[in-house]
Amino acid sequence: MDLGTTDRADRPSLLVLDAAYTLEMIRERGLESSITCRDLDGYFAHVFSVHPFATLLTSPEWGKRFGPPQWYRLNEGHSVIEGRIGRFGWLGWLFPLNFMIAQAGLFVMLVRLIRRERVAAIRVGDPLYLGLFGLALKAVTGRPLLIRVNGNNDKVRESTGRPLYPRFFRSIALEQKIEKFVFPRADVVAAPNQDNVDFALARGAKAGCTTIFRYGNLLAPDHRQPPEERGLDRELFARLGIEPGEFMLLVGRLQAVKFPDDAVRVLAEVVGRGHDVKLFIAGDGDMRSELINLADSLGVQGRLVIGGYQNQHALAQLNAHCALVISPLTGRALSESALGGAPIVAYDLDWQGDLVRNGETGALVPFRDIAALTDATAAMLDSPQRASELGEAARLRALAMLDPEVLNAHERDTYVRLLAGEPPQPGC
Numbered sequence: 005m006d007l008g009t010t011d012r013a014d015r016p017s018l019l020v021l022d023a024a025y026t027l028e029m030i031r032e033r034g035l036e037s038s039i040t041c042r043d044l045d046g047y048f049a050h051v052f053s054v055h056p057f058a059t060l061l062t063s064p065e066w067g068k069r070f071g072p073p074q075w076y077r078l079n080e081g082h083s084v085i086e087g088r089i090g091r092f093g094w095l096g097w098l099f100p101l102n103f104m105i106a107q108a109g110l111f112v113m114l115v116r117l118i119r120r121e122r123v124a125a126i127r128v129g130d131p132l133y134l135g136l137f138g139l140a141l142k143a144v145t146g147r148p149l150l151i152r153v154n155g156n157n158d159k160v161r162e163s164t165g166r167p168l169y170p171r172f173f174r175s176i177a178l179e180q181k182i183e184k185f186v187f188p189r190a191d192v193v194a195a196p197n198q199d200n201v202d203f204a205l206a207r208g209a210k211a212g213c214t215t216i217f218r219y220g221n222l223l224a225p226d227h228r229q230p231p232e233e234r235g236l237d238r239e240l241f242a243r244l245g246i247e248p249g250e251f252m253l254l255v256g257r258l259q260a261v262k263f264p265d266d267a268v269r270v271l272a273e274v275v276g277r278g279h280d281v282k283l284f285i286a287g288d289g290d291m292r293s294e295l296i297n298l299a300d301s302l303g304v305q306g307r308l309v310i311g312g313y314q315n316q317h318a319l320a321q322l323n324a325h326c327a328l329v330i331s332p333l334t335g336r337a338l339s340e341s342a343l344g345g346a347p348i349v350a351y352d353l354d355w356q357g358d359l360v361r362n363g364e365t366g367a368l369v370p371f372r373d374i375a376a377l378t379d380a381t382a383a384m385l386d387s388p389q390r391a392s393e394l395g396e397a398a399r400l401r402a403l404a405m406l407d408p409e410v411l412n413a414h415e416r417d418t419y420v421r422l423l424a425g426e427p428p429q430p431g432c
């Protein structure tokens, strides 16, 4: 889509509420493309990406936890706005009230921004807190609301027995009530796969108003480079303490909803079967100590390497040079692994079966069946040639599924229809 001759003033702007990453995280991990892709090759004149409570997650070095929202200009077409967890430092001892004051101030500011900057649509990243926030903005400004669902909340809650956002919502029942309230009032609901669409429909999303937005146009350019052209960054592997081809890879947050402990148990089992491998975890989270203790109890403490979050160059290297990827539950990172030609062993959960076809593009095993996950992992380690063939097949499938030009075109069409009051096409 060539918008080079289209005046910026003639194009709409977009407001995005997304709490997945703070700008600090984005810069550390090289994820800027996940923000800048939101203009859809210039369809939107400007995109305002908002994290309503960023300083709940940022480091002390990043900035003050309390105060008014902070603005950052990425480039001519993109701004990031980060809300704070409280308005006044002196009120820090009374978190709920301070938080509500800060959020009310952010809300008023965004209402004014929507009206001043020709914002034509509001997009939110989940149907819970952001969904309520977006719905309130829609009610005040009259702008249409698109909800981007990022998972099947019911399946995650079923597996963990906990609400997704315990800091905000104390019970699963309350979260489900909020979803039933928010989904029917959204103009469009988009999700990365049909499983997530079905979840939204079950929670009341309007039939005919759902579509699929896959991950492909969110990925950094590093992951689109063919694996054989990525070279080998020996300095990186030396720093991480692993040898190319001699480690299994897990990418993701170390939280119960991602089941990283299952990968540690698989590590212990395959080592017990005689495989000389390590498990490298590219990620971090509140389960770090628990995983270290688990590895120690299973006798594989020297084979577990928790490397923390990695930038996109490092992830592209890790995917291209691992023995295989273990994916209990992975979102966008699973796309990156497939594009890197990595052999993948995954649970049949959420969208993973869309990309990983058992025996064709990897190994797909029943959810939480650790014995099956172990057997599939050992089989790949036993047959590296077969594993390589599956990895290449996964790469070809990912290239076909995640073509950014095709996905951008579909998203543009969805917004054109949204602004015209028309239902979206199902997806691609």
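Heads up: take any position in the sequence shown, counting from 1, add 4, and you land on our numbering.
The beta-carbon is built from N, C-alpha and C at its ideal position, and this holds for glycine as well.
In this text the structure is predicted, and so the values were computed from the model without any measurement.
Open item on the list: Using a Cβ distance threshold of 8 Å, determine whether the region 350-366 contacts the region 187-201, with at least three qualifying pairs required.
Closed with: yes
Task: Residue range of the beta strand (DSSP E) that includes I285 - done: 282-286
Open item on the list: If we require 3 or more residues per run, which beta strand (DSSP E) segments fall completely within the region 352-429?
Closed with: 367-369
Open item on the list: Would A391 and L338 be called neighbours here (beta carbons separated by less than 9 Å)?
Closed with: no
Task: Residue range of the alpha helix (DSSP H) that includes L114 - done: 99-120
Open item on the list: Which complete beta strand (DSSP E) runs does the region 37-64 hold, if anything under 3 residues is left out?
Closed with: 50-55
- [ ] Going by DSSP, name the residue or residues bridged to N221.
- [x] Looking at the DSSP assignment, N221 forms no beta bridge with any residue, so it has no partner.
Open item on the list: Comparing C-alpha positions only, which one of A124, L141, E121, L101 sits nearest to V112?
Closed with: L141
Task: C-alpha gap between E294 and L322, whole angstroms - done: 24 Å
TODO: In the DSSP assignment, find the unbroken alpha helix (DSSP H) run with H82 in it and report its ends.
DONE: Here H82 belongs to no alpha helix (DSSP H); instead the beta strand (DSSP E) covers 82-86.
Open item on the list: What residue range does the beta strand (DSSP E) around A124 cover?
Closed with: 123-128
Task: Stretch-stretch touch, CB-based, cutoff 8 Å, three pairs: the region 110-125 with the region 158-166 - done: no
Task: Span separating the alpha-carbon of I296 from that of D45 - done: 44 Å
- [ ] For A124, decide whether its Cβ has a neighbour in chain D, counting only Cβ atoms nearer than 9 Å.
- [x] The chain inventory of the structure shown lacks chain D, comprising one protein chain alone.
TODO: Would you kindly work out how many angstroms separate the C-alpha atoms of Q272 and R372, rounded to a whole number?
DONE: For the record, residue 272 in the displayed sequence is Ala; it is not Gln. In a straight line, the C-alpha of A272 is about 16 Å away from that of R372.
TODO: Please name the residue or residues paired with Y313 in a DSSP beta bridge.
DONE: Note: Y313 sits in no beta bridge, so no partner.
Task: Through-space distance from I182 to H55, alpha-carbon basis - done: 20 Å
Open item on the list: One question on the structure: do R31 and F57 come within less than 9 Å of each other, judged by their Cβ atoms?
Closed with: no
Task: Residues that DSSP places opposite V255 in a beta bridge - done: A286
Task: Bridge partners - L95, DSSP secondary structure assignment - done: L95 is not bridged to any residue.
Open item on the list: Assuming contact is defined by CB atoms lying nearer than 9 Å, are R33 and Q316 in contact in what I supplied?
Closed with: yes
Open item on the list: Quick test of the definition: if touching needs 3 or more C-beta pairs under 8 Å, does the region 169-180 touch the region 379-398?
Closed with: no
Open item on the list: Once DSSP output is grouped into helix, strand and coil, what is the label at G335?
Closed with: coil
TODO: Tell me, please, whether the region 199-212 touches the region 300-308 by the rule of three or more beta-carbon pairs shorter than 8 Å.
DONE: no
- [ ] Quick one: using the 10 Å Cβ neighbour count with 16 as the cut-off for buried, is N200 buried or exposed?
- [x] buried
TODO: Give a yes or no on contact between the region 234-242 and the region 215-225, applying the rule of three or more CB pairs nearer than 8 Å.
DONE: no
TODO: Out of L149, L110, W97, point me to the one whose CA is closest to V128's CA.
DONE: L149
Task: Of the listed residues H50, A106, D43, nearest to T59 (C-alpha basis) - done: A106
Open item on the list: Here's the rule: buried if 16 or more other CB atoms are within 10 angstroms of the residue's CB, otherwise exposed. What is S301?
Closed with: exposed
TODO: Give the secondary structure of S301 by DSSP, where H, G and I count as helix, E and B as strand, and everything else as coil.
DONE: helix
- [ ] Identify the continuous alpha helix (DSSP H) that holds L149 and give its terminal residues.
- [x] No alpha helix (DSSP H) contains L149, which is instead part of the beta strand (DSSP E) from 149-152.
Open item on the list: Going by DSSP, what residue range makes up the beta strand (DSSP E) through L436?
Closed with: Past the edges of the chain, shown from 5 to 432, lies residue 436, and the structure says nothing about it.
TODO: Tell me where the beta strand (DSSP E) around Q180 begins and ends.
DONE: Taken as a continuous stretch (DSSP letters only), Q180 belongs to no beta strand (DSSP E), being part of the alpha helix (DSSP H) at 176-186.
Open item on the list: As a quick exercise: from G146, G71, G366, pick the residue whose alpha carbon is nearest that of A398.
Closed with: G366
Open item on the list: Judging by CA-CA distance, which residue of E250, N412, R401, K68 is the nearest neighbour of F284?
Closed with: E250
Open item on the list: Measuring CB atoms only, is the region 132-146 touching the region 185-194, in the sense that at least three cross pairs come out at less than 8 Å?
Closed with: yes
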